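The numbering of the sequence shown is this note's numbering, which starts it at 10 and goes up by one. C-beta: ideal position from N, C-alpha, C; glycine also. On a predicted model such as this, the values are computed, not experimentally measured, just so you know. Reading through the C-alpha cells given below for one structure.
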Amino acid sequence: MADHEHGTSTTSEQITAEVLAAIQGTGADRARVVLTSLIRHAHDFAREVRLQPDELLGAADFLRRCGEISDEARHELILLSDVLGMTMVVDTIAAEVPDGALETSVLGPFYRAGSPLEPNGANISRGGSEDGEPAHIHGQVLNLRGEPIAGAELDVWGTNANGLYENVDPLQPDYNLRGRFRTDETGAYDLWTVKPVSYPIPADGPVGDLLRVTNRHNMRPAHFHVIATADGYRTIVTELYTDDDEYLWTDAVFGVKSSLVVHYERIDDPRRLAAADRAEPYWDLRHDFVLAPGESGEVSFSTGREAAGR
Ligand SMILES: [Fe+2]
C-alpha cells in the first residue's frame, strides 16, 4: 500500500506484480515456475535489505568479473555457487538418497570427463613419486540389501601433493590421478592413487574477494572425488573426506557430510608390506559404496585441460 495520502505513487510491490504478470507468457511451465519464484524472492530480498542502487551495480560488476576470469579450465560462477553453499543445497535436494546409501557432495569445477578406463588394481598416479604418498583404495559397490553390483563404474579424480588437478597443471601427465574403474562380478573395485591433501580454491578472483570480506579461509579439506554409476541405480556425484584433515569441518564449499568421512590406515608393518608386494609404506582405505535404485545419469559439466606454457 502506498503511504501517500491519495495512493498515487508507485510502490515497489506494484513493480513486482507487474514483472510477475509480464512473465506469465513464458512458454515452458518449469521456466515460469522458476522465474516467478526467483523474481519474487529477489524483489523481497531487495526490500528486506533496502538494497541501494550502487550495491546493485556492484553486484552486476561482481558477476561481470566472475565471467571475465572464467575460461575452459576455470569456472568462477560454479565456484561462487560452491562457496555460498548453493551447490550443496541443490545437490542434496536433488539426490534424495535413502538412509544408508551413498550421499552426494560437490562435483567441483575440476571434473574432466573421458578419463581412461583402467583395470582393477591399476595405479592412476601417472606422475611418479612427486604425486604424493601412495594410497590403496578398494572395496565393493553394493545395493541397499548389501548385495554386490557388478559392472558399476567409479569415475575418480584427485590432486597431486601440490593440491593441483592435472588439467590446471601442465607439469602433470595427461589425466594424471584420474581414472574409471568397473566392479567385477563380486562388486569389487581396487585402485592405487595418492592420499588426498587439502588445497586452496582460487582466491585471486571475485570469489576470493567474497571470502575475504566474510573472513573465511579458502581451503578445502583433503578429499577424493567419485562419480558412482550403475545401470538401474541412481548416479551419485560425491567425495570421500579424509578424517585427519585440519579443515574437515570448515570446508570452503560446505561439501562434508558425516557419512563421507573416511579413515586411511597407514601400512608400514614389513609383513603387511611384503603381503601387498610393496617396498614403501602406503595408506590403505577400504570403502564400500552403497547405491540406491533409480536412473543412472550423465554429468553435464566437464572442464578442459589448460594449455601448456600458461
Ligand atoms: Fe576437489
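Asked	Found
Contact check, Ala-239 vs Ser-309, beta carbons under 8 Å	no
Cβ-heavy atom distance, His-226 to ligand 1, below 7 Å	no
With 16 other Cβ atoms within 10 Å as the buried cut-off, status of Thr-202	buried
Residue span of the alpha helix (DSSP H) that contains Ala-51, given as start and end	38-58
The stretch 218-232 contacting the stretch 245-258, beta-carbon criterion three pairs below 8 Å	yes
Cβ-heavy atom distance, Gly-117 to ligand 2, below 7 Å	Absent from the structure shown: ligand 2. Ligands present: ligand 1.
Euclidean distance between Cα positions of Ser-207 and Phe-263	14 Å
Cβ neighbour criterion (16 or more within 10 Å) applied to Phe-54	exposed
CB-CB length for Phe-298 against Ala-237, believed under 8 Å	5 Å
Coil, strand or helix - Ala-237 by DSSP	strand
For Arg-83 and Arg-319, the rounded distance between their alpha carbons	Low local confidence applies: a pLDDT of 38 at Arg-319 is under 50, so the model's placement there is unreliable, with the coordinate-based value given in what follows. Their backbone Cα atoms lie some 13 Å apart in a straight line.
Check: Glu-147 C-beta below 7 Å from any heavy atom of ligand 1	Reading the sequence as shown, one finds His at residue 147 and not Glu. No, since every heavy atom of ligand 1 falls outside the 7 Å radius drawn around the Cβ of His-147.
Three or more C-beta pairs below 8 Å linking the stretch 208-220 and the stretch 153-164	no
Cβ neighbours of Ala-11 in the same chain (closer than 6 Å, five flanking residues each side left out)	A caution first: Ala-11 carries a pLDDT of 46, below 50, which makes its placement in the model too unreliable to give a value.
Residue ranges of each alpha helix (DSSP H) within the stretch 162-248, 4 or longer	215-222
Cross-strand partners of His-145 (DSSP beta bridge)	Trp-201, Asp-293
Inter-residue spacing [alpha-carbon to alpha-carbon] between Val-92 and Val-216	8 Å
Which listed residue (Pro-118, Thr-244, Thr-25) has its alpha carbon closest to that of Arg-49	Thr-25
Local Cβ density within 10 Å of Pro-107, reported as buried at 16 or more and exposed below that	exposed
Under 8 Å between C-beta atoms of Gly-303 and Tyr-250	no
Near ligand 1: His-234 beta-carbon under 7 Å from a heavy atom	yes
Opposing strand residues paired with Leu-151 [DSSP bridges]	Pro-157, Val-299
Reference Pro-143; option with closest CA among Arg-74, Val-265, Ile-276	Ile-276
Residue span of the alpha helix (DSSP H) that contains Glu-77, given as start and end	62-78
At least three beta-carbon pairs within less than 8 Å, the stretch 158-177 to the stretch 95-113	no
Nearest to Val-177 (by Cα), restricted to the options Gln-33, Gly-313, Asp-38	Gly-313
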